[in-house]
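These notes are about the structure you will find just below.
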Amino acid sequence: MRVVQNPAKLQTALARLKRQDKKIGFVPTMGYLHEGHLSLVRLARKENDVVVASIFVNPLQFGPREDFKRYPRDFPRDARLLKKEKADFLLAPAAEEFYPKDFQTEVKVTRLSGRLCGASRPAHFAGVCTVVLKLLNIVKPDRLYLGQKDYQQVQVIGQMIKDLGFSVMIRMAPIVREPDGLAMSSRNVLLSKKEREEAPCLHRALCEGARLVKRGVRDAGGLQKPMREILKRAASARVDYLEIVDVRTLRPVVKLKKGQKALLTGAVFFKKTRLIDNELVRV
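The working numbering puts the last residue of the sequence shown at 272; the count rises by one with no breaks.
Laid out in structure tokens, this is it:
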């Protein structure tokens, strides 16, 4: 595996491979890799000739009071894991080179970004879109690999790719979970012992909602009430949002209809650590 800090050098190397008709799969990450990230790398390895991963803790997607400085980092460990999974390139740019002092550009996807995570983190998705657009321009992949845990992010990036005419295909892989159901996240290591014990309550709440849908509950209020009751039992949990939304528009669903696909989704703070999760359901 070749570790590259200079984006221009990676562009040159990948352009050579593109001329040989090699298919490129790209896995963008912020590092501190877990099994969820590695499952994306494996899928990319299976479907492409060349696999590129990136590690970059993107300052633009963190608000002023968020956990940019606390975000876990361990580059040597991450590089070892990616090498083991047979990634071909690891892009690890320096922030000061990736965003020079005179950097002024911001990319926004308006409607999809304004709800759910975007309601409490108004600058988040502009930061995500800006960094992903820069990375796509560097790597020019055939396939982009993202995880379902960040479902809204996948939809926002997909809209940006569609609107701006990129030819890359998005591959969304399922959520990878701990044995107790907690969605794997780099932020899980920030939880105290007590918080970690309580954190799976978000998954349990979403599973209860999915179970009720299967039993015939169609009213959003009838789904949310028992879900919130589960979250109330966790002393350290503070709900940011818990919603039932349309899978494409991310708008709230008041009443589920036959054949409809919906997303049960939530974000919960465990003291300072904010975790997200979701469950896809079909009526």
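In this text, a Cβ means the ideal position worked out from N, Cα and C, and glycines have one as well.
For Thr241: DSSP bridge partner residues: Within the sequence shown, the letter at position 252 stands for residue 241. Sequence inspection shows Pro at residue 241; the Thr mentioned does not correspond to that position. Partner(s): Val234.
Cβ-Cβ separation, Gly255 to Leu195 (assumed contact under 8 Å), whole Å: Within the sequence shown, the letter at position 206 stands for residue 195. Within the sequence shown, the letter at position 266 stands for residue 255. Confirmed, Cβ separation roughly 6 Å.
Under 8 Å between C-beta atoms of Ser181 and Tyr21: Taking the sequence shown and counting its residues from 1, the one referred to as residue 181 is at position 192. Taking the sequence shown and counting its residues from 1, the one referred to as residue 21 is at position 32. For Ser181 and Tyr21, no; Cβs fall outside 8 Å.
Contained alpha helix (DSSP H) runs [length at least 4] in the segment 140 to 188, N- to C-terminal order: 140 to 153, 182 to 187
Cβ contact check for the segment 41 to 59 and the segment 5 to 23: 3 or more pairs under 8 Å: Enough Cβ pairs lie closer than 8 Å, so yes.
Mind checking whether Leu239 and Arg59 have CB atoms under 8 Å apart? The count along the sequence shown starts at 1 and reaches residue 239 at position 250. The count along the sequence shown starts at 1 and reaches residue 59 at position 70. Taking 8 Å as the Cβ cut-off, Leu239 and Arg59 do not qualify as a contacting pair.
How many angstroms separate the CA atom of Glu186 from the CA atom of Gln93? Your numbering for residue 186 matches position 197 in the sequence shown. Your numbering for residue 93 matches position 104 in the sequence shown. Their backbone Cα atoms lie some 43 Å apart in a straight line.
Measure the alpha-carbon distance for Pro82 versus Ala2 and round it to whole angstroms. As a position in the sequence shown, residue 82 is number 93, starting the count at 1. As a position in the sequence shown, residue 2 is number 13, starting the count at 1. Using only the alpha carbons, I get a separation of about 16 Å.
On the three-state DSSP scale, how would you describe Glu197? For the purposes of this step, residue 197 is taken as the residue at position 208 of the sequence shown. Glu197 carries a helical assignment under DSSP once its states are collapsed to helix, strand and coil.
Would you list the one or two residues that DSSP bridges to Lys250? Mapped onto the sequence shown, residue 250 falls at position 261. For Lys250, which the question treats as bridged, DSSP gives the partners Arg271.
Do Val228 and Leu252 come within 8 Å of each other at the CB atom, strictly closer than that value? Residue 252 sits at position 263 when you count from the first residue of the sequence shown. Residue 228 sits at position 239 when you count from the first residue of the sequence shown. No, these two residues do not count as a Cβ contact at 8 Å.
For Gly14, the three-state DSSP class (helix, strand or coil): For the purposes of this step, residue 14 is identified with residue 25 of the sequence shown, where counting begins at 1. Looking at Gly14 - three-state DSSP - the assignment turns out to be strand.
If we count Cβ pairs, one from each stretch, closer than 8 Å, do we get three or more for the segment 50 to 68 versus the segment 88 to 106? no
Which stretch, first to last residue, makes up the alpha helix (DSSP H) that contains Phe114? Position 125 of the sequence shown, counting from 1, holds the residue named residue 114. Note, Phe114: alpha helix (DSSP H), 113 to 128.
Which of the three DSSP states is assigned to Ala81 in this structure? The residue given as residue 81 occupies position 92 in the sequence shown. DSSP places Ala81 in coil when its eight states are reduced to three.
Over the uninterrupted beta strand (DSSP E) stretch that includes Ala42, give me the two end residues. Within the sequence shown, residue 42 is the residue found at index 53, counting from 1. Looking at the DSSP string, the run of the beta strand (DSSP E) that includes Ala42 is 39 to 44.
At what residues does the beta strand (DSSP E) containing Val(-8) begin and finish? Taking the first residue of the sequence shown as position 1, residue -8 is located at position 3. Residues -9 to -7.
Across which residues does DSSP place Val228 in a beta bridge pair? On the sequence shown, position 239 is the one that residue 228 refers to. Val228 pairs with Val257.
What residue range does the alpha helix (DSSP H) around Arg34 cover? Numbered from its first residue, the sequence shown carries residue 34 at position 45. Unbroken alpha helix (DSSP H) run through Arg34: 24 to 36.
Buried or exposed: which applies to Pro241, given that a residue is buried once 16 or more other Cβ atoms fall within 10 Å of its Cβ? Looking up residue 241 in the sequence shown gives position 252. By the 10 Å Cβ count, Pro241 comes out exposed.
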